[in-house]
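Engineer: A single structure is presented below for examination.
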């Protein structure tokens, strides 16, 4: 892997830190389908993790024969 | 036919199917050399995307998780939700760290963290210590899976000891015959059943007024309890405890032997990386399960005999249509048996590779290794069963809690070791031992407090260490901090004293090796010339630890 493409790995900091921001997420409103923010925020984080990891994977994938 | 008959009938039919499938698994993608430990233990390192994804879900998201996490949200609300952020945090870390672990393990033929630690820091003693810690932490983890299984069996109506022993015997025979192939195949079945259970659960919530009314109902009930720590949000004083619990649990995932064994079965690096991207789907399933605890509370489901772990089985029994309940029970039972199988395989590998081959039989053939691992995995499973049958089951839950703190202490060697060989082997050993002692002393010091603040037991009352004014901190993280400080200070001291470093048996490019890597290819040709079963020890160019088992052909991928 080239050192350039490895910079993409820094994107992974986002889904690592986002689920840990519980003091910020510690609120009821806004609710989504009746679920308090504190709970649905983590579902959003899981989706974010999927998107970011997929992007990093596609960006750093090596072309192998 | 009564509802009860339908429930039990569906459950029994599904379980019988699972047993047949488990027995047949040995024939699935039949290996060239079934007596090789690599075939038995990591499925010949040839599992593709789908198999891997199911196997990881099967071994990491266990019945204990699906029963204990809703039990926590039922009892405490927001604090129980820690399991979801913790699961999410592990996925980007898996992308980076597990890929490195896969590569180095692939090139050296490692099956366990302990072998890696021994090679990385040039210290078989450190490897043995990591192996022993791993085994001690894993046995109670197997035991709590069996406790979950027993809770389900009891709800179905099979109380007592014999149903549990029968289930353990059957899964043991499956694993003994098929190795990692059995849990991998069963994981697919488990996920299908579990998906059905989650859909039923979601429909059930919608039928009873949706999440809005469930959360409002739970809020009313939390407000009525005297405990200030429960509720739908974290109390002001709860953030530190929550945060350290998330961090500690997430790191522990990278130290538990069973978490690695699943990943090593991947056929190449991209399979590991693609899996990391797909793993958050399991986090969402876990989140949905965790919210079932809130729903159960709002509906006023009461646990049997005050045991919160029966909340989910009771909820299923009372609210699911009977045939769906049968499916859900089968899903939970398989979800207990798969991790039990994978964990026992992992613990057995740690014993075989870092204790048996290092100290007892250095010249063990691959066939002898596979034989030893098979029998040790049996001992681990029946040991865990004995632990819950002979001793108070509550004791196993305590032990599992302790196990989590213990396994965290191997993080500097097995996790940070993936990035750096800076630490000195003596310092890591000293750090590990200080961490273990600190963790045990703090856990011993925590009294068990019931909901009203009354002390019901003097010692081992949880893993939250109180630091005054209502705040607490997860013991594992405190012990890990002590561990790291000791490791850094001792490394600096022994370097200053001029003590020689351990020999690092790995090279930087080992951490990026992939299937189809030219070095691996060359090695395979080398090994193919050796007689079958011979303890071929291909010399690594860097002169790493001797007696690596022959690496499997990377070309072996069939699906």
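Residue numbers (the UniProt record's numbering), protein chains in the order written: chain W, 1 to 65; chain H, 1 to 559.
We treat Cβ as the ideally placed atom computed from N, Cα and C, and that holds for glycine.
In this text the structure is predicted, and so the values were computed from the model without any measurement.
Does the beta-carbon of residue 253 of chain H have 16 or more other beta-carbons within 10 angstroms, so that it is buried, or is it exposed?
Structural biologist: On the second chain, residue 253 of chain H is found 253 positions in, with the first residue counted as 1. The residue is buried, with at least 16 neighbouring Cβ atoms inside 10 Å.
Engineer: Is residue 560 of chain H helix, strand or coil by DSSP?
Structural biologist: Any property of residue 560 of chain H remains undetermined from this structure, which presents chain H solely from 1 to 559.
Engineer: If you draw a straight line from the C-alpha of residue 11 of chain W to the C-alpha of residue 273 of chain H, how long is it?
Structural biologist: Residue numbering aside, residue 11 of chain W sits at position 11 when the first chain is read from its first letter. Residue numbering aside, residue 273 of chain H sits at position 273 when the second chain is read from its first letter. Whole-angstrom Cα-Cα distance: 15 Å.
Engineer: Note down the Cα distance separating residue 65 of chain H from residue 312 of chain H, rounded to an integer number of angstroms.
Structural biologist: Translated into positions along the second chain, residue 65 of chain H becomes position 65. Translated into positions along the second chain, residue 312 of chain H becomes position 312. Those two C-alpha atoms are separated by around 11 Å.
Engineer: With three or more beta-carbon pairs closer than 8 Å as the criterion, would you say the region 86-99 of chain H touches the region 367-383 of chain H?
Structural biologist: Not touching, per the Cβ criterion.
Engineer: Pull up the DSSP beta-bridge partners for residue 32 of chain W, would you.
Structural biologist: If you number the first chain from 1, residue 32 of chain W lands on position 32. Paired residues: W:35.
Engineer: With H, G and I counted as helix, E and B as strand and the rest as coil, what does DSSP make of residue 455 of chain H?
Structural biologist: The count along the second chain starts at 1 and reaches residue 455 of chain H at position 455. Residue 455 of chain H: strand per DSSP, three-state reduction.
Engineer: Mind reading off the beta-carbon distance from residue 493 of chain H to residue 412 of chain H? Whole number of angstroms is fine, and I expect it under 8 Å.
Structural biologist: By 1-based counting over the second chain, the position of residue 493 of chain H is 493. By 1-based counting over the second chain, the position of residue 412 of chain H is 412. The Cβ separation is near 16 Å, so there is no contact.
Engineer: Residues of chain H with CB under 7 Å from residue 9 of chain W, in chain order?
Structural biologist: Against the first chain, residue 9 of chain W aligns to sequence position 9. Within chain H, the residues near residue 9 of chain W are 96.
Engineer: Quick one: grab the DSSP three-state call for residue 255 of chain H.
Structural biologist: Locating residue 255 of chain H in the second chain gives position 255, counting from the first residue. Coil.
Engineer: Might you give, ordered along the chain, the residues of its own chain that have their beta carbon closer than 7 Å to the beta carbon of residue 406 of chain H, omitting 5 neighbours on each side?
Structural biologist: For the purposes of this step, residue 406 of chain H is taken as the residue at position 406 of the second chain. 133, 136, 137, 436, 439.
Engineer: Classify residue 280 of chain H as buried or exposed, calling it buried when 16 or more other Cβ atoms lie within 10 Å of its own Cβ.
Structural biologist: Walking along the second chain from the start, residue 280 of chain H turns up at place 280. The residue in question, residue 280 of chain H, is buried, as its Cβ has 16 or more Cβ neighbours within 10 Å.
Engineer: Pick out whichever of H:250, H:301, H:232 has its Cα sitting closest to the Cα of residue 283 of chain H.
Structural biologist: On the second chain, position 283 is the one that residue 283 of chain H refers to. Nearest of H:250, H:301, H:232 to residue 283 of chain H, Cα basis: H:250.
Engineer: Let me confirm a value: residue 474 of chain H is counted as buried when at least 16 other C-beta atoms fall within 10 Å, else exposed. Which label applies?
Structural biologist: The count along the second chain starts at 1 and reaches residue 474 of chain H at position 474. It is buried - the Cβ of residue 474 of chain H has at least 16 other Cβ atoms within 10 Å.
Engineer: Hey, quick one: how far does the beta strand (DSSP E) through residue 465 of chain H stretch, first residue to last?
Structural biologist: Start at 1 with the first residue of the second chain, and residue 465 of chain H comes out as number 465. Unbroken beta strand (DSSP E) run through residue 465 of chain H: 464-466.
Engineer: Would you call the region 326-337 of chain H and the region 357-375 of chain H in contact, with 3 or more CB pairs under 8 Å?
Structural biologist: No, the region 326-337 of chain H does not touch the region 357-375 of chain H.
Engineer: Using the C-alpha atoms, what's the distance from residue 414 of chain H back to residue 255 of chain H?
Structural biologist: In the second chain, residue 255 of chain H corresponds to position 255, counting from 1. In the second chain, residue 414 of chain H corresponds to position 414, counting from 1. If you take the alpha carbons of residue 255 of chain H and residue 414 of chain H, they lie about 7 Å apart.
Engineer: Taking residue 428 of chain H as the reference, which of H:456, H:441, H:489, H:174 has the closest Cα?
Structural biologist: Against the second chain, residue 428 of chain H aligns to sequence position 428. Considering only alpha carbons, the answer is H:489.
Engineer: For residue 19 of chain W, count the other beta carbons within 10 Å of its own beta carbon; 16 or more makes it buried, fewer makes it exposed. Which is it?
Structural biologist: Position 19 of the first chain holds residue 19 of chain W. With 16 or more Cβ atoms within 10 Å of its Cβ, residue 19 of chain W is classed as buried.
Engineer: Is residue 112 of chain H near residue 350 of chain H, with beta carbons less than 8 Å apart?
Structural biologist: Along the second chain, one-based indexing puts residue 112 of chain H at 112. Along the second chain, one-based indexing puts residue 350 of chain H at 350. Yes, Cβ-Cβ distance for residue 112 of chain H and residue 350 of chain H is below 8 Å.
Engineer: Roughly how many angstroms lie between the CA atoms of residue 471 of chain H and residue 238 of chain H, to the nearest whole one?
Structural biologist: As a first step, residue 471 of chain H is located in the second chain; it is residue number 471 there, counting from the start. As a first step, residue 238 of chain H is located in the second chain; it is residue number 238 there, counting from the start. Going from the Cα of residue 471 of chain H to the Cα of residue 238 of chain H covers about 6 Å.
Engineer: Pick out the complete alpha helix (DSSP H) segments inside the region 137-179 of chain H, 4 residues or longer, and give them in chain order.
Structural biologist: Correct list: 162-178.
Engineer: For the region 26-43 of chain W, which residues have a beta carbon sitting closer than 8 Å to at least one beta carbon of chain H?
Structural biologist: Those residues of the region 26-43 of chain W that come within reach of chain H (Cβ to Cβ, closer than 8 Å) are 26, 27, 28, 31, 33, 34, 35, 36, 38, 39, 42, 43.
Engineer: Identify which residue in H:402, H:421, H:417 has its Cα closest to the Cα of residue 463 of chain H.
Structural biologist: The count along the second chain starts at 1 and reaches residue 463 of chain H at position 463. For the residues H:402, H:421, H:417, the minimum Cα distance to residue 463 of chain H belongs to H:402.
Engineer: Can you tell me the Cα-Cα spacing of residue 71 of chain H and residue 508 of chain H, whole angstroms?
Structural biologist: Against the second chain, residue 71 of chain H aligns to sequence position 71. Against the second chain, residue 508 of chain H aligns to sequence position 508. So the alpha carbons of these two residues sit roughly 45 Å apart.
Engineer: Quick check: is the beta carbon of residue 533 of chain H nearer than 8 Å to any beta carbon in chain W?
Structural biologist: Position 533 of the second chain holds residue 533 of chain H. For residue 533 of chain H, the predicted model reports a pLDDT of 34, less than 50, meaning its position is unreliable and no value from the coordinates is stated.
Engineer: List the endpoints of the continuous alpha helix (DSSP H) containing residue 511 of chain H.
Structural biologist: Here residue 511 of chain H is taken as the residue at index 511 of the second chain, counted from 1. Run containing residue 511 of chain H: none; DSSP gives neither H nor E here.
Engineer: Tell me which residue opens and which closes the alpha helix (DSSP H) that residue 381 of chain H is part of.
Structural biologist: Position 381 of the second chain, counting from 1, holds the residue named residue 381 of chain H. Per DSSP, residue 381 of chain H belongs to the alpha helix (DSSP H) from 366-390.
Engineer: Could you work out which residues of chain B lie near residue 233 of chain H, taking near to mean beta carbons separated by less than 8 Å?
Structural biologist: As a matter of chain content, chain B is missing from the structure shown, whose protein chains are W and H.
Engineer: Just verifying my parser: in three-state terms, what is the DSSP assignment at residue 579 of chain H?
Structural biologist: Residue 579 of chain H lies beyond the range of chain H shown here (1 to 559); nothing can be said about it.
Engineer: In its own chain, which residues sit with a C-beta less than 6 Å from the C-beta of residue 487 of chain H, not counting the 5 before and 5 after it?
Structural biologist: By 1-based counting over the second chain, the position of residue 487 of chain H is 487. The answer, listed in chain order, is 412, 423, 427, 428, 431.
Engineer: Using beta-carbon positions only, say whether residue 102 of chain H and residue 269 of chain H come within less than 8 Å of one another.
Structural biologist: Counted from its first residue, the second chain places residue 102 of chain H at position 102. Counted from its first residue, the second chain places residue 269 of chain H at position 269. In this structure, residue 269 of chain H lies closer than 8 Å to residue 102 of chain H by Cβ.
Engineer: Helix, strand or coil for residue 525 of chain H, going by three-state DSSP, please let me know.
Structural biologist: Start at 1 with the first residue of the second chain, and residue 525 of chain H comes out as number 525. With a pLDDT of only 33 at residue 525 of chain H, under the threshold of 50, the placement of this residue in the model should not be trusted; the figure read from the coordinates follows. Residue state, collapsed to three classes: helix.
Engineer: Where in the region 287-325 of chain H do unbroken runs of the alpha helix (DSSP H), each at least 4 residues long, occur, reported from the N-terminal end onward?
Structural biologist: You should have 311-319.
Engineer: Counting along the chain, where does the alpha helix (DSSP H) carrying residue 190 of chain H start and finish?
Structural biologist: The count along the second chain starts at 1 and reaches residue 190 of chain H at position 190. Counting along the chain, the alpha helix (DSSP H) containing residue 190 of chain H begins and ends at 181-207.
Engineer: Quick check on the burial criterion: 16 or more other C-beta atoms within 10 angstroms. Buried or exposed for residue 207 of chain H?
Structural biologist: Residue numbering aside, residue 207 of chain H sits at position 207 when the second chain is read from its first letter. Exposed, because fewer than 16 other Cβ atoms sit within 10 Å of the Cβ of residue 207 of chain H.
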